[in-house]
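Report on one structure; see the data block that follows.
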Amino acid sequence: MSQPHQTFPIRYHGNTFMVDPNLLRKSSRRFSEAFNSNNLNFAPDGTALLFNSNLSGMNLTFTARNVDNFLKLCQNLPTDVQDSEMKEICIIAKMFQADSIFQTGLSFVQGSIDPSFSVPDFSQTCLSLENSNEHSQNYGEFDLLDNFTQPVNSNSSNFNASNTNFNASNTNFSASNQNLKPRNINSASTNSMGGNIHHVENFDDLEFDDDSESSSDKKESQTKTNTNPINNNDDENDENQNVEIPQNIVIPIVYDIRADKSVMKCNKYVMRRNGKVLLSAKKKSGLIVISRGPDVHLSIKSGHVCRIVQQPLYNEINVEGQKIILKYVRCSNSGAISFRVSFNHEGTQLFWNPKYPKVNPKTGQFSLKLSGAHKHVPVPSRRNAVLINSEGRTTYIVRKMAENFFEAECHPDVDPIIVFALALSSIVGPSIDYSLHS
């Protein structure tokens, strides 16, 4: 395929994006209208189109990255669009009336992220003529922080941060294991269970330094390819090693989770910390409810602090005013089942993705490090899972320690209710057989 002739500028908040006008005219009806009506084939040097995102009384602000990726999509160029950015890409596509990109993106978002997502029609055009003098006058108004503004529709959750190869002419999406860094973290807070929280000055996405897999000499856990149990087999001395931890490192905490499974009654789950019962949950059919303390009743809705509704291949988690979508995924290399999730933490949207098992060169089987910062050695289980942030650092571990006994290891800042909800989603698993949809 020939390279596009990127000779025409589109400007947005001080950023200039060079595009191939012929390709943009084919992809975007709004661009074609603006280009033709202003006879821009014969425009003098310095003439550009200004992208205005403040339409229909909606003061929307997009990241320069998303505008750039959208324009690349219009030109069939490679992009690094994140799943978490797809809603914003859809809105931009709707403004540009880039119908093919919008429909493909909308189908992906509704099918994989948010079934209720929709974008209104914009009667106004988003493109206007701008000459070089106007550009130089407006350039000083550009706020550098605009590159890090929150996504549009900030009241709704953005869910997955996997890298996505998105092609306007191809409805197939393939995700790899990446996610976004948070835009800001408050310096102090109190968690929902009470008590002050210790913060470090420069942590990313509530990560913790649980291990390093760079050394091939370390023994690693094993994932057997036939049944996908994920295990961790560290050296026996690991638990007894005294490791000096720098003062600026936050130590992750471990929650104990016990399952009481009964044939005649609803399954009950209890989460403890240092022997104290923090939360309890019950599951009936496709519903899981969580209450504080040792008692939980499905019928007493006033006592519920969280409700998990199981849908085919994803869970809707409703907790403290936010709706979290947890999506189950099959790791493409090993076939193991894990999940990815995004949730709001003190005003910042966090994106956690599954850590994919890797082949252990010593055993030839898939491996996943599960011992965490506390070096707890689990037993093999299909429900073991590790989540990571944008730097590939561990943010969350759920592991099976014994029959009906699990642990969740996480940064202490994370709301214990969310920690429990994620663990339950992993322990219970998807509502239907994932193999039918792989």
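Numbering (the working numbering), first residue to last: 1 to 438.
Virtual Cβ for every residue (Gly too), placed ideally from N, Cα, C.
Item                                                                                                                                                            : Value
Is the stretch 404-416 in contact with the stretch 250-258, if contact means three or more CB pairs nearer than 8 Å?                                            : yes
Hey, out of Lys327, Ala93, Phe70, whose CA is closest to Val341's CA?                                                                                           : Lys327
If you draw a straight line from the alpha carbon of Phe339 to that of Phe8, how long is it in whole angstroms?                                                 : 42 Å
Counting only the same chain and skipping the five closest in sequence on each side, list residues whose C-beta sits under 7 Å from that of Ile92.              : Phe62, Asn66, Val67, Phe70
Suppose contacts are defined by Cβ-Cβ distances below 8 Å. Is Ile324 in contact with His304 by that definition?                                                 : no
Near Thr125, what residues of its chain come up, given a Cβ to Cβ distance below 8 Å and the 5 sequence neighbours on each side ignored?                        : Arg30, Glu33, Ala34
I'd like the ranges of any beta strand (DSSP E) spanning at least 3 consecutive residues and lying wholly in the stretch 276-326.                               : 276-284, 287-292, 304-311, 314-319
Pull the bridge partners of Met18 from the DSSP assignment, please.                                                                                             : Pro9
Would you list the residues sitting across from Ala336 in a DSSP beta bridge?                                                                                   : BP columns for Ala336 are empty, so no partner.
Roughly how many angstroms lie between the CA atoms of Pro294 and Gln75, to the nearest whole one?                                                              : 58 Å
What residue range does the beta strand (DSSP E) around Leu387 cover?                                                                                           : 385-388
So what's Ile185 in DSSP terms, helix, strand or just coil?                                                                                                     : Residue placement at Ile185 is flagged as unreliable, the pLDDT there being 29, under the threshold of 50; the coordinate-derived value follows with that caveat. Three-state result, Ile185: coil.
How close, in whole Å, do the beta carbons of Leu313 and Trp352 come, if the pair is a contact with beta carbons under 8 Å?                                     : With a Cβ gap of about 17 Å, Leu313 and Trp352 do not count as contacting.
May I have the straight-line CA-CA distance separating Tyr356 from Asn41, to the nearest angstrom?                                                              : 50 Å
With respect to the alpha helix (DSSP H) encompassing Met494, which residues constitute its N-terminal and C-terminal limits?                                   : Outside the displayed range of the chain (1 to 438) lies residue 494, so it cannot be described from this structure.
From what residue to what residue does the beta strand (DSSP E) around Ala421 run?                                                                              : Where Ala421 is concerned, there is no enclosing beta strand (DSSP E), although the alpha helix (DSSP H) it sits in stretches over 416-428.
Could you check where the alpha helix (DSSP H) with Leu106 kicks off and where it finishes?                                                                     : 99-112
By DSSP, does Leu77 sit in helix, in strand, or in coil?                                                                                                        : coil
Figure out for me which residue from Pro120, Phe17, Leu73, Glu85 has the closest Cα to the Cα of Lys55.                                                         : Note that residue 55 is Leu in the sequence shown here, rather than Lys. Taking only the C-alpha atoms, the option nearest Leu55 is Pro120.
For the beta strand (DSSP E) holding Ala93, just list the boundary residues, first then last.                                                                   : No beta strand (DSSP E) contains Ala93, which is instead part of the alpha helix (DSSP H) from 86-96.
Taking the alpha carbon of Glu346 as the point to measure from, which residue in Glu320, Val250, Met264 has its own alpha carbon closest?                       : Glu320
Who pairs with Phe351 in a beta bridge, going by DSSP?                                                                                                          : Ser342
In angstroms with no decimal places, state the Cα-to-Cα distance between Gly194 and Gly335.                                                                     : In this predicted model, Gly194 has a pLDDT of only 37, less than 50, meaning its place in the structure is not dependable; the value taken from the coordinates is given anyway. If I take the Cα positions, the gap works out to 39 Å.
Does DSSP put Phe117 in a helix, a strand or coil?                                                                                                              : coil
Less than 8 Å between the C-beta atoms of Ser53 and Met95, yes or no?                                                                                           : yes
Secondary structure at Leu60, three-state DSSP: helix, strand or coil?                                                                                          : coil
Taking the beta strand (DSSP E) that Ala402 falls in, what are its first and last residues?                                                                     : 394-402
In the DSSP assignment, what are the bridge partners of Phe51?                                                                                                  : Leu127
For Leu424 versus Tyr269, is the C-beta distance shorter than 8 Å?                                                                                              : yes
How many Å lie between Pro4 and Lys87 at the Cα?                                                                                                                : 26 Å
Are the Cβ atoms of Leu50 and Arg11 separated by less than 8 Å?                                                                                                 : yes
Run through DSSP, which three-state label would Lys358 get?                                                                                                     : strand
Do Leu298 and Lys276 have their CB atoms nearer than 8 Å?                                                                                                       : no
Since I believe Ile288 is in contact with Gly429 (beta carbons under 8 Å), could you give me their beta-carbon distance rounded to a whole number of angstroms? : Contact doesn't hold; Cβ gap of about 12 Å is too wide.
Let me know if Pro508 comes out buried or exposed under the rule of 16 or more other beta-carbons within 10 Å of its beta-carbon.                               : Lying before the first or after the last residue shown, residue 508 is absent from the chain, which here runs from 1 to 438.
Going by C-alpha to C-alpha distance, which of Met58, Thr363, Ser280, Gln82 sits closest to Phe420?                                                             : Ser280
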